[in-house]
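Numbering (the numbering used here), first residue to last: 174 to 471.
No residue lacks a Cβ here, since even glycine has one placed at the ideal position from N, Cα and C.
Below: one structure, written as structure tokens.
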């Protein structure tokens with residue numbers, strides 16, 4: 174039984190914290206939204222101010238939006254790393270540039286704290302059931318220290334190298350595909366509508382054909398139901414695909430399909446859809462083609 178803190182109790186972080194708690198560990202949850210902390214404590218999470226519990230933590234999982242928020246948790250105004258005991262481990266789960274992960278590893282090591290580059294994939298459902306895929310890179314000591322968290326939260330842990338950065342590089346590859354697949358799903362679904370193929374029939378048929386993808390099968394039902402409650406929001410993709418393109422630029426690699434997908438998510442955000450589920454990118458295509466999606470029929 175370990176003492177573990179999760180920073181960021183959003184859709185993914187809450188599921189991760191719940192999975193750790195379910196595994197029997199003392200689990201603290203912290204978030205900028207107080208209601209999320211109260212909710213987690215009501216469901217069995219441990220109470221306590223950060224300054225009171227930090228010195229006894231074995232592990233910290235940082236499940237926030239981006240590099241800036243990760244750095245703020247680790248080394249900002251209420252920096253957690255200087256408060257941790259020697260030998261504790263930080264699992265950094267956000268999508269960040271590989272160079273940022275390497276910098277955080279060095280800064281954590283200066284405090285005798287392990288750092289595991291540990292971006293995640295699988296969505297909110299798998300976070301809640303402890304079945305995530307984790308793309309991990311870091312020292313053997315970091316992996317060993319993180320094992321209780323990994324065992325509680327992941328179905329598959331890919332060990333990708335003995336220093337930080339490799340996990341984030343692999344996550345960038347995954348995000349390239351995931352973002353493109355969502356945008357392409359939206360394009361195909363709305364293209365089908367111009368040919369008399371309804372969204373529900375599109376999902377029924379294409380999900381059983383060669384053109385399917387995990388993202389299609391996961392996101393198209395949101396469009397069919399007309400429910401754009403955010404599980405993963407539009408706003409995530411300008412950030413994540415922007416990271417992909419920054420890495421591509423530094424590698425002198427052309428990524429034109431990624432660039433096009435990014436433009437669709439940027440346009441969706443401009444339409445005021447940034448807080449909606451990322452499947453709402455279909456509304457960009459629907460608007461441009463004069464189509465009416467299921468959610469707009471009432």
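Residue i in three-state terms, based on DSSP
i           : result
residue 401 : coil
residue 175 : coil
residue 194 : helix
residue 477 : The first residue shown for the chain is 174 and the last is 471, placing residue 477 beyond what the model contains.
residue 208 : helix
residue 413 : helix
residue 432 : helix
residue 384 : coil
residue 220 : coil
residue 478 : Any property of residue 478 remains undetermined from this structure, which presents the chain solely from 174 to 471.
residue 445 : coil
residue 407 : coil
residue 257 : coil
residue 264 : strand
residue 202 : strand
residue 269 : coil
residue 335 : coil
residue 251 : coil
For residue j and residue i, the rounded distance between their alpha carbons
i           : j           : result
residue 256 : residue 242 : 18 Å
residue 451 : residue 292 : 19 Å
residue 225 : residue 314 : 26 Å
residue 393 : residue 445 : 20 Å
residue 454 : residue 284 : 43 Å
residue 263 : residue 236 : 11 Å
residue 223 : residue 410 : 31 Å
residue 194 : residue 218 : 7 Å
residue 413 : residue 308 : 16 Å
residue 316 : residue 337 : 11 Å
residue 398 : residue 205 : 31 Å
residue 458 : residue 432 : 16 Å
residue 464 : residue 383 : 26 Å
residue 268 : residue 288 : 15 Å
residue 210 : residue 233 : 16 Å
residue 208 : residue 216 : 12 Å
residue 360 : residue 297 : 24 Å
Delimiting residues of the alpha helix (DSSP H) encompassing residue i
i           : result
residue 465 : Unbroken run through residue 465: none, as it is neither H nor E.
residue 227 : Note, residue 227: premise wrong, no alpha helix (DSSP H); not H, not E.
residue 285 : Neither: residue 285 is in no alpha helix (DSSP H) and is coded neither H nor E.
residue 358 : 339 to 367
residue 376 : 372 to 379
residue 296 : 296 to 302
residue 326 : 313 to 326
Cβ shell of residue i (< 6 Å), same chain only, five flanking positions each side left out
i           : result
residue 347 : 294
residue 260 : none
residue 176 : 199, 229, 230, 231
residue 405 : 451
residue 273 : 240
residue 305 : 293, 295, 299, 326, 327
residue 435 : 414
Residue burial classification, residue i (beta-carbon count within 10 angstroms, cutoff 16)
i           : result
residue 471 : The pLDDT assigned to residue 471 is 47, lower than 50, so where the model puts this residue is not dependable; a value taken from the coordinates is nonetheless given after this. Exposed, by the Cβ-count rule.
residue 341 : buried
residue 422 : exposed
residue 329 : exposed
residue 378 : exposed
residue 174 : exposed
residue 426 : exposed
residue 290 : buried
residue 402 : exposed
residue 326 : buried
residue 371 : exposed
The beta strand (DSSP E) enclosing residue i, as first and last residue numbers
i           : result
residue 234 : 232 to 235
residue 309 : 305 to 309
Nonlocal neighbours in the same chain, by C-beta distance under 7 Å from residue i, ignoring five residues either side
i           : result
residue 407 : 438, 441, 442, 446, 447, 449, 451, 453, 454
residue 456 : 441, 444, 446, 466
residue 322 : 177, 193, 232, 234, 264
residue 213 : 182, 187, 190, 202
residue 333 : 308, 309, 310, 339, 340, 343
Chain-order list of residues whose beta-carbon lies under 8 Å from that of residue i (same chain, five-residue window excluded)
i           : result
residue 312 : 287, 335, 336
residue 354 : 386, 387, 388, 389
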